[in-house]
Every structure is written in structure tokens, then in C-alpha cells.
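Below: the structure, in C-alpha cells.
2 protein chains.
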Amino acid sequence: MATRRKTHQGSEVSKQAILEAVLSRAVEAGYEGTTMADVARASGLPIGSVYWHFQNKEQLFVALLDHCFEVWRRTHASAADMRELLRRSIADSAAASGSLADPAAAFWSIGLVFAFERRLEDNLARQRYLAIREEMFEFIASRLRASYAGVTEDVAAELAHDIAVMGRALTDGFRVAAAAGDDTDFTRYAELAADALESLVSARLREHAQRA
Amino acid sequence: MATRRKTHQGSEVSKQAILEAVLSRAVEAGYEGTTMADVARASGLPIGSVYWHFQNKEQLFVALLDHCFEVWRRTHASAADMRELLRRSIADSAAASGSLADPAAAFWSIGLVFAFERRLEDNLARQRYLAIREEMFEFIASRLRASYAGVTEDVAAELAHDIAVMGRALTDGFRVAAAAGDDTDFTRYAELAADALESLVSARLREHAQRA
DNA sequence: GTCTATAGAACGATAGAC
DNA sequence: GTCTATCGTTCTATAGAC
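Line order of the protein sequences matches chains A and B.
Mapping of the first sequence onto the numbering used here: position 114 corresponds to residue 114, and the numbering continues sequentially without gaps.
So the number in the numbering used here is just where the residue sits in the second sequence, counting from 1, plus 1000.
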């Protein structure tokens, strides 16, 4: 079963090498900036092999998005509370500017390009990004909902939705700051963001406690 | 002085038509998605004229950025306080998704693409965007600083900086939400964002009042 | 200043030998 | 499954007539 280096290695090995290559390139250059020739070069395989393993550029990025979402789900499933979630999300923004340390985290900054490029409206990778964005939102909102005690389900659901919207805006905003190269201490502002959201939560809970 | 339509009209008239054309295209398709042929078609002039008035695509976008910044400065110079600033900025995000109503506002969502496309590192338009982003930040921070009474200058400066960072993250984040097509009531969340930042301000001011 | 034609480069994708 | 050569398209930019 001995195989020569780079030729006829297991299919899965090559596929994985290509996924790693496209991640490293996408982090540097985004979707449009990543060329299939780049990916081939970074993977050590010829461009023909890339097209043998993946139908086209769109499908290659769809596969990459799915892979990154898996990583995200694993690392965020164990987050204890809102503050911890914000800490991790905003720290990921910092990782995105430093770049290579945690490519799977840095990827989500690249994903934002999909949000802006309306030219990619029919692009399957863009649609997958938006679908995953929605799934992440529901994931966060349902966790928050479960953490509000002493109010009706309706109130908890609306509050969780509001806080999830605000939290998403903040983390996306700090990703923009990282991409723009703003000189920002993300660790510090993660705490400030958590302070701000916590004060919204307690104000809302207080408000409904008075009515009861 | 009668001139035939579209031929040899005043230089300024054509230049302005081209700027309007590139704005309308950039709002739809971003930087890379806007082609010089698109701009020419939208302006009603041939592509040769576009290159006669502007050196190249980069310089065309530099001129567009400067023009939009002028509009922004005019419309935000009169903003009364932080809540009003957030209202306008986040309402602009909504305008960006609806698109054509206020192109000068919608433009800033397009500008965010420059933040993400690192491939454009040496691009003069990207550098201009980042410079203007910095100027806007200082503009906001200095206005906030002047609004905090009863604390030392150092404290006011640090607080203004923090709130400006948080406000920028929030508005950028809502621009992302608009671009991603998230179903969001921007008017409502502008108020919530203002509530959150105001609670940060009063907490900080209270903290320093106790020490004095 | 306006307009057409085209050069020149980059990219996605395919064909077909091995 | 791997690899090379190449096709077809798209886009920026220029040349040069008017």
C-alpha cells in the first residue's frame, strides 16, 4: 500500500490538504481574491486535482464553510454564559487580525465579505454563509433564553432575541475593526460589551418584575 | 454656447455624471464588482471619457470617497447628542439595505468591503477609506468628550474613546446585518444601542464621582 | 473632450494523456 | 487520481480618429 509522495495518496488526504489550502488563502484574500491557482499551489497539488475533488470554486467554499461551522460549534458549545460567549467571539476578531494563529476563527471575518458582495447573490457559498449565520443566531438566542429566570417565556424569548441581535452586531463590528486594522484592545472591549448587554438585561428584567 | 447633448458638455457636468454613476454602481456591487464599463454605461458616456476625467479605477473611487465624506460631514455636524448620532448612523444602515433612497449613506456599507479585502492593501482607495474612517472616529470622540461634565479631562477623554469604539462597532455591526439581509428593526435597535451606551457612561461617571 | 477598437493580463474551467 | 496545456471570458487600460 506504499504510495509515492503527492501522487495517488488517499483521496481523503488530498481533499483535506485542499481544504486547508483554501482556508489559508481565504483568510488572506477573501473569496474573490482567492484564485483556484492559488489554492492548487498552496495544497501542493495541480489545479486539475482541485477540480477533481470539488465541482467548482463555489462548491469548494461551501465545503470550507461547513468545515468551519463544525469547528465553531465545537468550541462554542461549552461556553458558560453570555459574557463568556462575547469574550470568545470578540477574541476571535483579534485572532483574525493577527491571522494565522486560528484560521477557523479568522474565517468568520472573511465570511463577512459574502454579506457585502451583492454581486454574489446567486452564489451558493454566499447562501450557505447566510444560512449558517442564521443557525448561529438561533444557537445563541436559545442559550440566552434558557438563562433568564423569573419571567414569562414570552418575555424571555423577546429579551434573548434582542440581546442576540445586539451581541451579533457587536461581534461583527469588532470583526470590522480588526479587518480595518483599528488599534483596539479586544479583550478590554469584550468586557465592556458584556457590561453594556448585562445592563440591558437587568433593566428589562427589573421592568417586568415591577409589573408582577 | 449651445452644446449638443452628451458631446462636449462642460467638463464639470460630465465629471459629476461619472461620480453619480460610480456611486450607484458601487452601492449595488462594491469595488471589485463595479467595472469601468458599468460606470461608463450608467453615466451615459463612453469609457474613454471616464479615463479622461479620472486617472484610473483607484482614483475614481478616491474621488467618490471624498465626495461621500463631505456629505457625511454635513449631515452629522448638526447631530445633537450621542443618541441622535446613533439614530442617524444606524438608520443609514437600514437605508443601505433598501439601497437607492440615500446613496451617500448606503456608500458606507460598501466602504466596509475595503476593510476586508486585504488583497487591496496597496490600493489607494482602500487607504483613503481607512484615513476617513479615522477622521470620523476623531470627529465623534471629540464631540462626546465635550459632553461629559463634572469629571477631569483625562477621564472624559478615555470615556469618550471607549464610547466611540463601542458606537463604531455597533454601527458597523448593523451595517453588516443590513448587508446580510437580517430581518431587523433598525430604528428599535438604535434606541437599544443608545440605552446600552448610556448605561456605560453613567456607570463610569458614577464610579469617578464616588472617588472625588 | 468624445468615442471606438483593441491590447494585455488574470481567472475559471475543461480536455485528455498518464 | 494526478498533471499539463489551453480555451473562453472578463476586465483594466490605452491608442488614436474625430
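All C-beta atoms, glycine included, are put in the ideal place defined by N, C-alpha and C.
Just so it is clear, the structure is predicted and the values come from calculations on it, not from any experiment.
Query	Result
B/G1030 versus B/A1063: straight-line alpha-carbon distance, rounded	15 Å
A/R211 at chain B interface by Cβ criterion, 8 Å	no
Residues near A/L159 by beta carbon distance below 7 Å, same chain, minus five either side	Y148, V201 and R204
Among B/G1044, B/R1073 and B/L1197, the one whose alpha carbon lies nearest that of B/S1014	B/G1044
Reduced DSSP secondary structure (H/G/I, E/B, other) of A/S93	helix
Outcome for B/G1150 when other beta-carbon atoms lying within 10 angstroms are tallied against a minimum of 16	exposed
8 Å Cβ cutoff, A/R83 in contact with chain B	no
Chain A contact residues for B/F1174, given Cβ-Cβ distances below 7 Å	A169
Contact list for A/D162 against chain B, beta-carbon separation under 9 Å	R1188, Y1189 and L1192
CB of A/L23 within 8 Å of CB of A/F107, strictly	yes
Euclidean distance between Cα positions of A/D172 and B/S1011	42 Å
Contact set for B/M1036: own chain, Cβ-Cβ below 7 Å, skip 5 residues either direction	I1047, V1050 and K1057
Proximal residues of chain B, C-beta to C-beta of A/V113 below 8 Å	V1113, F1116 and E1117
From A/R128, A/A157 and A/M166, residue whose alpha carbon lies closest to that of A/R145	A/A157
Exposed unless 16 or more other CB atoms sit within 10 angstroms - verdict on B/L1105	The amino acid occupying residue 1105 of chain B in the given sequence is Ala; Leu does not appear at that position. Per the 10 Å Cβ criterion, buried.
Any C-beta of chain A under 8 Å from that of B/V1165	yes
Nearest to A/E32 (by Cα), restricted to the options A/S93, A/C68, A/L120 and A/A42	A/L120
Residue from A/F61, A/R87 and A/D162 with nearest C-alpha to B/D1185	A/D162
Burial state of B/D1182, where buried means 16 or more other Cβ atoms lie within 10 Å	buried
Under 8 Å between C-beta atoms of B/R1088 and B/A1079	yes
Top-ranked residue by Cα proximity to A/A94, from A/A40, A/R188, A/I140 and A/A131	A/R188
Cutoff 7 Å; reference A/H53; Cβ partners in own chain excluding five residues on either side	S14, K15 and I18
Environment of B/A1002 [buried if 16+ CB atoms lie within 10 Å]	Because the pLDDT of B/A1002 is 37, which lies under 50, any placement of that residue in the model is unreliable, and the question is left without a value.
Where A/G181 falls: helix, strand or coil (DSSP)	coil
From B/S1097, B/L1065 and B/D1195, residue whose alpha carbon lies closest to that of A/F297	Past the boundaries of the shown model lies residue 297 of chain A; chain A is included only from 1 to 212, so the question cannot be answered.
Nearest-angstrom Cβ-Cβ length linking B/A1042 and B/A1021, presumed shorter than 8 Å	4 Å
Helix, strand or coil at B/M1001 [DSSP, three-state]	Reliability fails at B/M1001, whose pLDDT of 39 lies under 50, so the model's placement of it is uncertain and the value that follows must be treated cautiously. The answer is coil: DSSP assigns B/M1001 none of H, G, I, E or B.
Cβ-based contacts, 7 Å cut-off: residues of the region 27 to 43 of chain A near chain B	E28, A29, G30, E32 and G33
Chain B contacts from the region 124 to 136 of chain A (Cβ-Cβ distance under 7 Å)	L130 and R133
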